[in-house]
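Same order as they appear, the protein sequences are chains D, H, A, F and G.
Counting from 1, one number per residue, gives the positions in the first sequence under the numbering used here.
Counting from 1001, one number per residue, gives the positions in the second sequence under the numbering used here.
Counting from 2001, one number per residue, gives the positions in the third sequence under the numbering used here.
Counting from 3001, one number per residue, gives the positions in the fourth sequence under the numbering used here.
Counting from 4001, one number per residue, gives the positions in the fifth sequence under the numbering used here.
All C-beta atoms in this analysis are idealised placements derived from N, C-alpha and C, irrespective of residue type, glycine included.
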Amino acid sequence: MNDLDLLLLVSIGTTAVLFAFGTWRWAGALGTLLYALQLALLAVMRPELPLASGIGFEVLGYRLQWSLSGLGWFFAIITVASALFSAWFAAGEWGQHRRNLRLLHGGLALNVTAMLILLASDDLISLFIGWELVSWASYLAMVQRGGPAMDAAYRYLVYALAGALAVLVAIAMIAAQSPALDFGSVRVWFASAGNGTIWTVMLLTMAGFGVKMGLLPLHLWQPAAYSESPGPIAAFLGAISSRMGLFAIIVVLAQLIGLERLGNLPVAFSFWNANEFWAWLAALTLIVPTFIALTQNDARMLLAWHGIGQGGYMLLGILIATPLGVSGGLMHVINYACYQAALFLAVTAVAHRTGTTDLDHLGGLINRMPLTYVTMLFCIIGLAGLPPMNGFVSKWMIYKALLDAQMPLLFVAAVIGTLGTILSVYKLIHNTFLGQLRLEHAQVNEVPISMWLPMILLALIVFITGWMPGLFLDLVDEAVVAIGITQLPHHLGGVDLGNGGLDMLWIVGVLLAAIGIGAIVYFLGNRSVRVGQFDNYAGGQILTADVPYQYSHQFYAGLLRVIQPWMRGGMAWGERALVSGADFLGGAMSGLYRAAPAGAYLLLAVLAALAVTLL
Amino acid sequence: MDFTHLFVELVLMPLIAFLVGLVMVLMLRKVRAKIERRIGPPLLQPLYDIVKLYSKKTQVSHGPMHEIAMMVALGGVIAMEVFLPVPGLNGLAEKGDLIVLIYLMMIPSLGLALGVGACANPNGSIGISRALTAMVAYDIPLMIVVAGVALFHGTTSLPEIIAAQQAGGMSTWGIVQTPVLALGGLIAAYAMLGKEPFEIYVAPAEIATGPMVEMSGKFMGTLFVMQCFQLYAVGVLYTTLFLGGGEYWISFLPKIFAVVFIPLAMTNVFPRYKTEDVLKWMWKWAGGFALAGLALVVMK
Amino acid sequence: MNASVLMIALPLLAAFLLPLTGPLARWVGPFAAALNIALGISLWQTVAQEGPSVVVMGGFAAPLGIVFRVDTLAVLFATALAALVLILWPRTSADPRRESALLLILLAAGCGLAFSGDLFNLFVFYELIAVASYGLVAASRERLAAAAGLRYLVLSALGSAFALLGIGLVYALAGTLNLADLSRHADALNSPLGLAAFALMLLGFGVKAELFPVNAWVAEVYSTATARTTALLAGGVSKLALLIVLHLVLLVYAQPAALSLLLTLGLLSIVSGQFAGYRAADLPRMLAYSSIAQLGMIAAAFSVSGEAGVLAGLALALHHLIVKPALFLVGDGWPKCVDSLAGLGRAEPWRAALFVLLALSLLGIPPLPGFWAKLLLLKALLGMGEPAWNLAAAVVLLGTAIEGAYLLRVLQTLFRGTTNAKPATFGGALPAGVLGVALLLVMLAATPVGGALQRAAQQAADVPAYVADTLGGSPQ
Amino acid sequence: MNRELESLDAVFREMPDLKVEHTGPRRTRIQVEADALPTLLELLKGRAGYLHLSAISCVDWPDTEEFELVYHLWSYQVSNLISAHTRIPYDPGRYVSVYDLHAPAVYFERDIHEMFGVWFEGCPDQEPFILTEWQGPPPMRKSFDTVAYVNDTFEWREYQPEWANDPSGGKG
Amino acid sequence: MSTDPNQAVACRTVDAEERSLLGRVLDRIADHCRARSLFVLHYCTGCGAIELPPTMTSRFDLERVGMQPMVTPRQADILLITGYLSVKTLKRVVMTYEQMQGPKYVIGLGSCTINGGMYWNSYATIKLLDRYIPVDNYIAGCMPRPEAIQQVFLDLMGRIDRGEAQAWKDYYRRYDWYLGQQQQLFGTNWQAPTDVVGEAIRYRLVGEQTLGSHTAHLERYAPYYDQLGIIRPEPARMKARPQLEVVSR
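Set out below in structure tokens:
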């Protein structure tokens, strides 16, 4: 009974306990403690990675076994940590207002268990079993609020099922040719397999796992599904759920096929190779969603669209296949988990107080909810990837890796994605917290400590790891080594390569010192008097509370006028076409059965058979 | 590098930046005056404006965020100076590289955006949304140029880029070896200054000077100081990338002033572009030149 | 080895003695079925120890006489059918004597069909089953069921006629009807005429096996007959028909043309079944289309030559035998239209949970046995390496995705909204529950069951051993 | 030219007691009874194309205690300006609105209401338009003495004589 | 020693905080810069506005002395009233004046601001501008030419340089009187968005006449106007008037 079995047992125990005591007042607190226990177990487990688990059985000649590699351990840390923060948030006052939280707490625990099983898998079938469990667990998590949430979850499930079947076909193809299905022998099989088979297997697996990660053509379900699920669950899903897809993709691309093999796998009649093909798909996934996020009017939809975009960064980082790129991509996973969870929690706090997340009917909440504002401020700077926060470090590593790997156009695509992010995150914080306060929000007050403490903690983590990125880079090294890439030499402040390094200790230090100087220069002037929001320049007009003097609708009208024609929703149209095609065929087939007399079919069939065979 | 030398650099570089910036602002106003057949302001006018603004007796602020944003904006600009290598003073150029510098340039605009948002004035918000759109317009060509330079020199650390350009005297300057990229960079730098044709976000007639609508006294003083730093930063960045950086001050200063003079000379004869025209124009021309330059660099 | 003969004789005897037993009639049927199961299990032990054996009837040697071949595959099917009949025994019915007689006949014919090694004998038992199933469908007293039953009778009779024509042709070509003997004369049947015979037989037996062109009756009959009859037909009888096709393909028609014909019919029924299911509005009809598609998959599996095909087909057949009847029974008391199912998930949580479990297994969600069956199917199809069979894998993928879409739609309506209707009577609770438990047991005991299936497939697949046993080793 | 004038005369024939006076090449002045004015406007608009109501002005006749409302109409068809004069007495000070015939009338009537106090029945909006802070009587009436009002509401500047010779006004 | 701003520099007693030597030096520098960098907001109320462009542009070029036109009151030092003021416009002018910052100066252009000008007998226009806001300089003339405007600017700059132009403090010190005049015209429920009393307290410019009967009206009508309760930051107001009875909201 080594640590991995203990961990799996504890997490299954957590699920059982939380399903049983879901409606108990202190269920959230209990959940938080149990997740903390799991986190402790993971930390203890670190020196002895890769750790093979005792559980394992054989079915139909295939050996199913579980063992946690460095990569799995890295993702497991993020999963359990985000679950801990979500449970902590749900345990607070947010939870007291909701009547039945059994499904929420139990669902969250089930998600964590399923993810641990997936992360610890050591052969293709256990990977697939873990994958299906994760899909169904996240379906359960998304479906709690009923109504539109169920439609979004249904749409997700159809995507996930189709994706899973594609993966099943790929596994079957491998099973047909390779003797066993554990990662070792599959790697051997891949080494010897021809380009054609590798391409088909890769396309099928990427389609399957890409659904969960939100790669471009398969991303349409994610915004609705994540924004409809309840607050803390949305934070958990946003932070880590779609990264399970990335984990599986890394396992297939990096561990099984091998990134260098990917490099010399030509794409039919074009000078690209597979690596560049996937890199450009990641770049597209990076740009399109961020500019769609610009047009969203609901805060949660905006964040969900960013989830897809940031996934593109991670995949792009990993596909560069240099130590700097891979560790940049992986660090982006953990950075993103921190600030995305905090942002979803902050939006939930705003919804908890004002009742709405519609960006056209909010504004001016800064002096009513300052702590939520600080959280959102830290985290949007992180999401936009600007210096003091950790988002910048991982994005910098990806950019530097792109430049060193002579991929300038991908570098520019990544920058376009960042610009889109900066614009949409400013719209988020401006429409919610800045600008004029509305009459109906005049008496709104700050969320209680049980809600803002986890948010502020996450925001602090975002800042501290931005200041000292070495903390996260140590975790990332475990995963980088597990993938088989040489470890990136780094120190607490960041990375110092030959041609231009990054030392965040100095950069953030200088930045804070400079802000100190800015403060001194600011205080040279006389003391200032704080004025209300109506003491404002309005061209001589006297401002009153009933006329909202706020600019938030169509926030980037100029930019939208330029890029609107490019966003006609081609992919959404594609999806509708597929659905109507299925309807049409369904109609045709059922018509077939309903209309003609049975006997006539038989005669026709026999005559046709005779004709075919005799002639 | 011992700490006293570093401390001197940390203090000296922003100070030089401020002074040179003041002279640049003076140049801006003198050029505009001369074009309008006016005499133009006295020599110390920028200093007078800043001191007057800071010495206003009553100051109005719209809440703590408005004040903190000003400190962050000014701090961001000062921090950026430290990473810009100038002759004799390398500052912290090894600690951060070109990409860090470009991102440090975004901090002041984001800090300003948050401060203006806290002023709760829609004129300001419209100004900020236009400013961020303009940032998208000029940042894409700028990043293409950065990619080109980084690819050409094989490094993103500024001292090495300067050393590479100074290796063979005039002939190895960026502008000589990658002229198209330099042209694209110049147009992008032009738009970064936010002067006339790309001044949509400070349109006095339409949105009452956009972001500066609620800035008075020391807040406006901070904006004037930031303008000085911004002019200086654009000049020095462009010189570092394409004009071989600074070996001695006497050759460095004319280069910066020349870089800043070109846009300022042209700015007074232009009307103001609409937001979408700024986007289209910058992506077409600056983006076009930058991409062409990048292609040349990649080809080499 | 007369246990196999007993398995046929006993139910027939019980069926004919029913009128005499008076008040005991209600218990005779289930007792006979239980007895059959016991015999089957004892047969399973003997075959497991001594391997397959041949039972010669009436002293006549193989090519002429009627021969029974007792191997694991046959025993498996016979016991499974007996178990299914026992579980689905109608608790209350208008006249128990008539229905139990029909059921017993069906049981007897089913066991006979499983064991029989002679083509004509297979045809006779197939006819017996057909008659019994008409009777069962018509017995449900509903006007619609009677009309559907009549159409089913006409189609099935036509089908049998063509099958008989096919058998006649085979006899004309090969001169013998014993399967082992036929496999030695396989080259004679390799001609276009032989293929035509195969086509005729395939379509004939295809009626009951719900293959594409001839399964128009399926939707009507299954949505109108009583739940238990439908379960029995869909679960047991359709598999037996496919068993005949399996014997043909394995022993006699191993040539690629026949296999591709079987594959095309299988794929067509998958596609038509799934898409019709996607459009169906009421639950029984949807389940009927789904069973068409599942049987299409089993046919596709059998079209793969060699042991892998048999193994995949066997796994799919047994899995379908457990899941489909349970689904029909669970859907029995509920309102037929899918949209009016809203909120039943909360009203009857256990029944809905069972429905979810069965649907998931049908889709092939990992921990459940459905996943292993589907994996074996895909492995078999892709193992062939032929482009047609790769296309088949893609069609199976598309089909399951569509099936997922409409089954999940039912799941979603179950748990969405609320309903104030009082919970309907759950008639089939016991059988559905037993089948659900059986499914869970198979899931937990995946390894031993997997091993047993592999052994059965091996035995069925090595044709030379079959021929040697039946013809006493005299190679004529 | 006369064909157009003809349609004008046709209108005048319709209404018997109109005092029509051609005061210039393209000017016509009509004196009409208060209750007949709306019908006149309607006829002019329908028959002779007088679509354009350029203004309504009001003249205060304190001695006969009457307001004189003048409706200035222009026809592009006849290219002739008609000013229809009518008189309404002081005390009820009410008149019917022609908003339904000419939409711009609402502003002229609102202005007259504010300045003279005439209430127009049916005018959609007669809120204070220009003098939003004005609390006093309608100021344009001749009865209102502006100089007196100014003297008692505003003070005057006390001039120091020496300012005259000191350009900087002494007060600095 | 009265604090009347018109007194000569030598014997005027500056307000309470007695400036130290360093303070005086800093004030000297500040006044020096303040005089040389004046931002003008010309409130084009009447016909005088057309005089400004020639003064600003190449013909007379005010930028020589460091003056720039500004768009919003926040950024402006000088409020140039260029013509007659109707009561309605005066309300906007008062609001604009109160939005201006710190040492602010008002220049009345044209005789209409001095004594009503040619509209002296109109019921709608106000006659004496300095009843409502403290005015530094007047320029007589029924629209003075740019030279005259330039002359007044130079004069103002000289007085600022010598530290004499303190009229703006008068608005805080005698706010009650000014408010009374304004309430005569606009009615007692007149509410300007700027909290002048709060600013007076904040910058220690409270004179005896800052608070009085008129400012009490402000208090009574505030709730109607300030529905959000955030117009006037609560602490600044409550501390100011211990002697007034607390108005029950």
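For residue j and residue i, believed in contact at Cβ under 8 angstroms, the rounded distance
i	j	result
E2272 (chain A)	M1 (chain D)	Contrary to the premise, residue 2272 (chain A) reads as Ser rather than Glu in this sequence. Actually they are not in contact, since the Cβ atoms of S2272 (chain A) and M1 (chain D) sit about 52 angstroms apart, beyond 8 angstroms.
A1233 (chain H)	L1084 (chain H)	6 angstroms
G2428 (chain A)	A2209 (chain A)	At roughly 25 angstroms, the Cβ-Cβ gap does not stay under 8 angstroms, so G2428 (chain A) and A2209 (chain A) are not in contact.
E952 (chain H)	L1089 (chain H)	Since the first residue shown for chain H is 1001 and the last is 1300, residue 952 (chain H) is missing from the structure and cannot be characterised.
A120 (chain D)	S82 (chain D)	That belief does not hold up - the Cβ atoms of A120 (chain D) and S82 (chain D) are roughly 18 angstroms apart, past 8 angstroms.
A2231 (chain A)	P2325 (chain A)	3 angstroms
T2470 (chain A)	V2054 (chain A)	5 angstroms
Spatial neighbours of residue i in its chain, beta-carbon cut-off 8 angstroms, leaving aside the 5 residues before and after
i	result
W4120 (chain G)	K4127
L2155 (chain A)	V2207, V2214, A2216, W2217
D5 (chain D)	S53, G54, I55
G2199 (chain A)	The question names Gly, yet the displayed sequence has Ala at residue 2199 (chain A). Once the five neighbours on either side are set aside, the close Cβ partners of A2199 (chain A) are G2166, L2261.
R4167 (chain G)	Checking the sequence, you will find Ala at residue 4167 (chain G) rather than Arg. Contacts found: P4005, Y4105, V4106, P4134, V4135, D4136.
Residues near residue i in its chain [Cβ-Cβ closer than 6 angstroms; skip 5 each side]
i	result
E3158 (chain F)	none
Q2274 (chain A)	A2293, G2399, I2402, E2403
V1213 (chain H)	N1121, N1123, G1124
Same chain, Cβ closer than 7 angstroms to residue i, five either side skipped, listed in chain order
i	result
F3116 (chain F)	C3058, D3060, F3067, P3138, M3140, R3141
L1028 (chain H)	L1264
Boundaries of the alpha helix (DSSP H) in which residue i is found, first to last residue
i	result
A3055 (chain F)	Counting along the chain, A3055 (chain F) falls outside any alpha helix (DSSP H), though it belongs to the beta strand (DSSP E) covering 3052 to 3061.
E276 (chain D)	274 to 294
L1110 (chain H)	1098 to 1118
Residue i beta carbon near the ligand ZN (any heavy atom closer than 8 angstroms)
i	result
P408 (chain D)	Questions concerning the ligand ZN fall outside what the structure shown contains, since it holds no ligand whatsoever.
Limits of the unbroken beta strand (DSSP E) element including residue i
i	result
P1159 (chain H)	No beta strand (DSSP E) holds P1159 (chain H); the alpha helix (DSSP H) holding it covers 1158 to 1166.
L101 (chain D)	Segment: none, L101 (chain D) is in no beta strand (DSSP E) and carries neither H nor E.
T3028 (chain F)	3027 to 3031
(request) Mind listing, in chain order, the continuous alpha helix (DSSP H) runs of no fewer than 4 residues lying wholly within the region 549 to 596 of chain D? (result) 557 to 563, 570 to 595
(message) Would you call the region 4048 to 4061 of chain G in contact with the region 4027 to 4035 of chain G, where contact means no fewer than 3 C-beta pairs closer than 8 angstroms?
(response) no
(request) Decide yes or no for the touch test of the region 229 to 243 of chain D against the region 267 to 275 of chain D: beta carbon pairs closer than 8 angstroms, at least 3 of them. (result) no
(message) Please give the ranges of any alpha helix (DSSP H) in the region 2316 to 2353 of chain A, keeping only runs that are unbroken, at least 4 residues long and fully inside the region.
(response) 2344 to 2347
(message) Counting beta carbon pairs with one atom in the region 1269 to 1280 of chain H and one in the region 1236 to 1249 of chain H, are three or more of them shorter than 8 angstroms?
(response) no
(message) Does the contact criterion of 3 or more C-beta pairs under 8 angstroms hold for the region 1183 to 1195 of chain H versus the region 1031 to 1043 of chain H?
(response) no
(request) Taking 8 angstroms as the threshold, find out whether the region 2358 to 2365 of chain A comes into contact with the region 2454 to 2466 of chain A through three or more Cβ pairs. (result) no
(request) Please determine if the region 277 to 295 of chain D and the region 414 to 427 of chain D are in contact, where contact requires at least 3 C-beta pairs separated by less than 8 angstroms. (result) yes
(message) For a minimum of 3 consecutive residues, which ranges assigned as the beta strand (DSSP E) are wholly contained in the region 2231 to 2265 of chain A?
(response) none
(message) Quick check for students: name the residue ranges of the alpha helix (DSSP H) that lie wholly in the region 399 to 466 of chain D, counting only runs of 4 or more.
(response) 408 to 433
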